[in-house]
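Trainee: Residue numbers (UniProt numbering), protein chains in the order written: chain A, 1 to 490; chain B, 1 to 490.
Using N, Cα and C, we set each Cβ at its ideal position, and we do this for glycine too.
Handing you this structure, nothing more for now.
Number of protein chains: 2
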Amino acid sequence: MSDERVNDGVHERFDEPVIERVIEHLRAHFREDLEAVRAFLRTPSVSYTGEGIQETAEQVAGFVRALGGQARVVPTAGHPIVYGRLDQGAPHTVLVYGMYDVMPADEPNWSSDPWGAEIRELPRLGPSIIARGAVNTKGPLAAFFRAVAGYQAAAGRLPVNLIFAIEGEEEMGSRHFLPFVEAHAGELKAAQAVLFPFFSQDEEGVPWLTLGTKGIVYFELECRGGDWGGPTERGIHGSYNAWVANPAWRLVQALATMVDADEQVRVEGFFDGAEPLPEEERRLLEEQVASGRLDERPFMAFEHVRRFKGGLRGLPLWERLFAQPQLNIDGIVGGYVGEGTKTLLPHRALAKMDVRLVPRMDPERVAQAIRAHLDRHGYADIEMRVLNTYPWSKVSLHEPAVQAMVETYQEMGAPPQVWPLNPGSAPYYVFERVLGMPYVTGGMGHGGRQHSTDEYCTVQGVLDFEISMVRWLHGLARRLGQPRGERAAG
Amino acid sequence: MSDERVNDGVHERFDEPVIERVIEHLRAHFREDLEAVRAFLRTPSVSYTGEGIQETAEQVAGFVRALGGQARVVPTAGHPIVYGRLDQGAPHTVLVYGMYDVMPADEPNWSSDPWGAEIRELPRLGPSIIARGAVNTKGPLAAFFRAVAGYQAAAGRLPVNLIFAIEGEEEMGSRHFLPFVEAHAGELKAAQAVLFPFFSQDEEGVPWLTLGTKGIVYFELECRGGDWGGPTERGIHGSYNAWVANPAWRLVQALATMVDADEQVRVEGFFDGAEPLPEEERRLLEEQVASGRLDERPFMAFEHVRRFKGGLRGLPLWERLFAQPQLNIDGIVGGYVGEGTKTLLPHRALAKMDVRLVPRMDPERVAQAIRAHLDRHGYADIEMRVLNTYPWSKVSLHEPAVQAMVETYQEMGAPPQVWPLNPGSAPYYVFERVLGMPYVTGGMGHGGRQHSTDEYCTVQGVLDFEISMVRWLHGLARRLGQPRGERAAG
């Protein structure tokens, strides 16, 4: 893709000396900022267990107050949401969405303490922080606060006001964030755009900009012994499988009807509503693949993948990522799974699964299609529990918040990859559908191994991220110019 | 079955007052014996972890020495074997096989400490000991020693000599027992029969007598990412299942080719060699089912099973148990299996499986058939690890050791069920094929929930077991009469 197509054009020069002064300040004080980020990573904040959640929420509220803002730790039926406001007397306002929770760090084989935030030299990447949350997303969250503080220290006030909504249940499906947004919609609509600060550069340094997110249906299938057979209350001696059927076999057989040997989904109605890529986005993909800006090879090397589904490479592979839903087994378990030769006929087996939805699939219809498929194949006894759903969401490349991010990356010498969708899930539909507000995820910086061992972010990336954030705030203010009447009234 | 068919007949009266005196002694001293059994159950002896193994082996050696015998704790490449001898100057010798190891007790939801050996009132069963190993098999092992001690106290000497070979790896597949037997075959062949002491009554009080054991092939199937696809070194973010295939799906698909939806095995060559029941045993089954002595209903109630495979009941069900191999999933695991909605694309998935072999299936051929099946279906990448195999074994109903057990049960008012095979596995092929010696598992007494939560044995059963053991020793000595030349020379 030509950069001209991605960047709608810089319309005016805007206070260049201020931003240079701010960047100089960030460079000069980076050691302190780095230590602050590391300190934040050392408090566990595991939403699944609740460990450190309250303490971390208070820390985040403290970050807002340290900027001169107001913040409350707002209780929900689950973990609290940090709700803050930093009024800088500016004509425009940005809603900063974030998450202070992280995944558990219970994987074995971390090479250093997941809560130690040690700095280690990583091959090709240089000094990096090793920590659960380093990239997803306590690292960028803490660095964002330091960038704003640096801006204030060097330039007095930010060019925009900020509202903060930092939740503690993102990794559990953001289950209380929608009600929070609905309850505070009147105040939140004072913002013109939403920012989710994130280290967006890949391992080659290319930032990644998404124009939406996939939706998700996360569910469990559980097969238990019952009228069909199997032990119903507890596992029994394995030798009685001669007589008694096995719920693990039944789950395996039921699952096997859902995809073919190549993992092509065979659930009737599963693909209903799925649309091919819009033509503009397909052309963007084509150009990026042709120019080499989109390249699957770093992913293959980094994730140790030797072959993609169907043997795809290049454009068809990228089109698949943005236009095809998936039906994934996140986990499967039943019976005795320890060492050795213990025999058991288990009374239950469980699969944890997710569907990633592309526009315009409907989460409810997908869940119903899967249920109907199981029923039709004789597995009405298998319980399907839908644990979480997000709709997909989309944002236009031409929104000022998106354009300001493109410009920031270009100014920093790192023209972005543009992805039609984030293949992961985030509750952005809340912004798009409830608040009617454009959103952008971004920032320079690099990290990896989310949800896995040895999650990391590079040290250099933390500084680059800070610089990119002040540039973006600055650039967005310039693009928005005077408040638009219809938004100011919102 | 008529009892006449099972019992070849009592040939002579044999010192009746002695046995009555012994039984009186056992009744009078039962409280002490019960406490000794409970004490033995309070030392964990988990072969998988090694916890308490050495200590428990020493305890067992002490039991032999307390009888006036000699005992050594013989090291193996794994856990030691307690090898003992109690010479009573008798013309015949019994080899007592046993195991001092137990399964782990790591299941959740035990209602009391698995190492506490608490006595609790169980519905319909009365006071019972709750402990890992209560029935399988530290309970009967300890009680056997107390029964022998009681015999000696009341009658001086036993009517037979004893050799003890008590291993500590039965739950791990008895992997060092065969070499031990081979190394000591010359001494062990002094025995005329093998006894495995066990609480053999079901929940209705009917003892169970087996004429052999099934064999086993225990194996793991592991699917890992590789040239075919999938992540190869660690799990990756679940959203990339859009691109990258999933080893859990691949394992599921491979497994699904091995059985049909009714769990009928579809592996070519799997059934090779399997023979129908011998006609005498089929008639025995038929009579026992007709008379109600073999009845699947207590099993259904106790194990909470509502339906058997294929909807079978009665004779066809019992024939299936003794003439059909199984292909069981003992456990399956891969990916994230905790609470909540963590997404993951796992890099490996594992199934633990067992085949129970009926005569005359060959363990090697079965393993080869499964490997060939996977290869033929395109799953050559799936690793098959055979962890353990036992051949099946058989013993005749007409052996004196078996006949003495039948007679014991009849004398105690509990005519036995006769099972052509033990559906579980035990290393009896070692006795049958290596030593050429008949064996019998038995004793009154009842317990249940082997390999599961709340394993138990009844208190009354411990006393009944002790009485049955002294009766059996007595009866066997009488049946054997003067040493047979060919065995005494062995």
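Classify Lys309(A) as helix, strand or coil using the three-state DSSP reduction.
Mentor: DSSP places Lys309(A) in helix when its eight states are reduced to three.
Trainee: Once you ignore the five residues that flank Asp260(A) on each side, which residues in its own chain have a CB closer than 7 Å to its CB?
Mentor: Closer than 7 Å at Cβ, skipping near neighbours: Arg266.
Trainee: Express the C-alpha separation of His451(A) and Pro325(A) in angstroms, rounding to a whole number.
Mentor: Their Cα atoms are separated by approximately 21 Å.
Trainee: When Cβ atoms are compared, which residues of the stretch 223-239 of chain A fall closer than 8 Å to chain B?
Mentor: Hits within the stretch, in order: Gly225, Gly226, Asp227, Trp228, Gly229, Gly230, Pro231, Thr232, Glu233, Arg234, Gly235, Ile236, His237, Gly238, Ser239.
Trainee: If we require 3 or more residues per run, which beta strand (DSSP E) segments fall completely within the stretch 145-209 of chain B?
Mentor: Within the stretch 145-209 of chain B, the complete beta strand (DSSP E) runs of at least 3 residues are 161-167, 193-197.
Trainee: Counting only runs that start and end within the stretch 56-135 of chain B, where is the beta strand (DSSP E) found for 3 or more residues in a row?
Mentor: Taking only runs of at least 3 residues, the beta strand (DSSP E) segments lying wholly in the stretch 56-135 of chain B are 70-74, 81-86, 93-99, 118-122, 126-130.
Trainee: Measure from the alpha carbon of Gly461(B) to the alpha carbon of each residue in Gly168(B), Ala323(B), Pro127(B), Val74(B), then state which is nearest.
Mentor: Of the candidates Gly168(B), Ala323(B), Pro127(B), Val74(B), the one whose C-alpha sits nearest the C-alpha of Gly461(B) is Pro127(B).
Trainee: Could you tell me if the beta carbon of Arg348(A) falls within a distance shorter than 7 Å of some heavy atom in the ligand SAM?
Mentor: Inclusion of the ligand SAM in the displayed structure is not the case, the ligand content being empty and no account of it being possible.
Trainee: Any idea if Pro17(B) is buried or exposed, counting beta-carbon neighbours within 10 angstroms, 16 or more meaning buried?
Mentor: Classification for Pro17(B): exposed.
Trainee: Would DSSP call Arg224(B) helix, strand or coil?
Mentor: In this structure, Arg224(B) counts as strand in the three-state DSSP scheme.
Trainee: Just how far apart, CA to CA, sit Arg449(A) and Ile370(A)?
Mentor: Near 31 Å, if we compare the C-alpha coordinates of Ile370(A) and Arg449(A).
Trainee: State yes or no: is the C-beta of Val440(B) within less than 8 Å of the C-beta of Met405(B)?
Mentor: Contact: yes.
Trainee: Output yes if chain B places a C-beta closer than 8 Å to the C-beta of Asp330(A); else output no.
Mentor: Closer than 8 Å to some Cβ of chain B, the Cβ of Asp330(A) qualifies, so yes.
Trainee: In terms of alpha-carbon separation, which member of Gly442(A), Arg478(A), Gly445(A), Val434(A) lies closest to Glu182(A)?
Mentor: Comparing Cα positions, the closest option is Val434(A).
Trainee: Taking CB distances under 8 Å as the criterion, tell me whether Ser452(A) reaches chain B.
Mentor: For Ser452(A), the answer is yes, since a Cβ of chain B falls inside 8 Å of its Cβ.
Trainee: Since Phe308(A) meets chain B, which of its residues come closer than 9 Å, beta carbon to beta carbon?
Mentor: The contacting residues are Gly229, Trp243, Val244, Ala245.
Trainee: Helix, strand or coil for Val10(A), going by three-state DSSP, please let me know.
Mentor: A caution first: Val10(A) carries a pLDDT of 40, below 50, which makes its placement in the model unreliable, though a value can still be read off. In this structure, Val10(A) counts as coil in the three-state DSSP scheme.
Trainee: Do the CB positions of Arg307(B) and Gly229(A) come within less than 8 Å of each other?
Mentor: The answer is yes: Cβ separation under 8 Å.
Trainee: Which residues of chain A have a Cβ atom closer than 9 Å to the Cβ of Tyr336(B), listed in chain order?
Mentor: Chain A residues near Tyr336(B): Asp330, Gly331, Lys352, His451.
Trainee: Using 8 Å as the cut-off, can you tell me whether the stretch 196-206 of chain B makes contact with the stretch 319-336 of chain B, which would need three or more C-beta pairs spanning the two stretches below that distance?
Mentor: No: the two stretches stay apart, fewer than three of their Cβ pairs being nearer than 8 Å.
Trainee: Taking Cβ-Cβ distances shorter than 7 Å, what residues in chain B pair up with Asn388(A)?
Mentor: Simply Thr341.
Trainee: Looking only at C-alpha atoms, which of Ser174(A), Met99(A), Asn241(A), Leu284(A) sits nearest to Val82(A)?
Mentor: The option with the nearest alpha carbon to Val82(A) is Met99(A).
Trainee: Does DSSP put Ser393(A) in a helix, in a strand, or in coil?
Mentor: Note: Ser393(A) maps to strand in three-state DSSP.
Trainee: Assuming Val22(A) and Ala477(A) are in contact, meaning their beta carbons sit under 8 Å apart, how far apart are those beta carbons, in whole angstroms?
Mentor: Actually they do not touch by this definition, with Cβ atoms about 13 Å apart.
Trainee: Spell out whether any CB of chain A is found under 8 Å from the CB atom of His304(B).
Mentor: At least one chain A Cβ lies under 8 Å of His304(B).
Trainee: Answer with buried or exposed for Glu4(A), where buried requires no fewer than 16 other C-beta atoms within 10 angstroms of its C-beta.
Mentor: A caution first: Glu4(A) carries a pLDDT of 45, below 50, which makes its placement in the model unreliable, though a value can still be read off. Burial call: exposed.
Trainee: Could you name each continuous alpha helix (DSSP H) segment of 4 residues or more that falls completely within the stretch 388-469 of chain A, going from the start of the chain to the end?
Mentor: Taking only runs of at least 4 residues, the alpha helix (DSSP H) segments lying wholly in the stretch 388-469 of chain A are 400-411.
Trainee: Just verifying my parser: in three-state terms, what is the DSSP assignment at Arg42(A)?
Mentor: Note: Arg42(A) maps to coil in three-state DSSP.
Trainee: For Val259(A), would you say it is in contact with chain B, using Cβ-to-Cβ distances shorter than 8 Å as the test?
Mentor: Val259(A) counts as touching chain B.
Trainee: Between Arg484(B) and chain A, is any beta-carbon pair separated by less than 8 Å?
Mentor: The predicted model places Arg484(B) with a pLDDT of 45, which falls under 50 and marks its position as unreliable, so this point remains unresolved.
Trainee: Applying the criterion that 16 or more other CB atoms from any shown protein chain within 10 Å of the CB defines a buried residue, is Asp227(A) buried or exposed?
Mentor: So Asp227(A) ends up on the exposed side.
Trainee: Need the endpoints of the alpha helix (DSSP H) that Ala254(A) sits in, please.
Mentor: Unbroken alpha helix (DSSP H) run through Ala254(A): 247-256.
Trainee: So what's Gly269(A) in DSSP terms, helix, strand or just coil?
Mentor: Here Gly269(A) sits in coil by DSSP.
Trainee: Output yes if chain B places a C-beta closer than 8 Å to the C-beta of Trp208(A); else output no.
Mentor: Not an interface residue.
Trainee: DSSP state of Asp295(A), grouped into three classes?
Mentor: Three-state result, Asp295(A): coil.
Trainee: Please go through the same chain and pick out, in chain order, the residues whose beta-carbon is closer than 6 Å to the beta-carbon of Ala488(B), but skip the five residues on each side of it.
Mentor: Bear in mind that a pLDDT of 35 at Ala488(B), under 50, signals an unreliable position, so the number given afterwards is only what the model happens to contain. Around Ala488(B): no qualifying Cβ.
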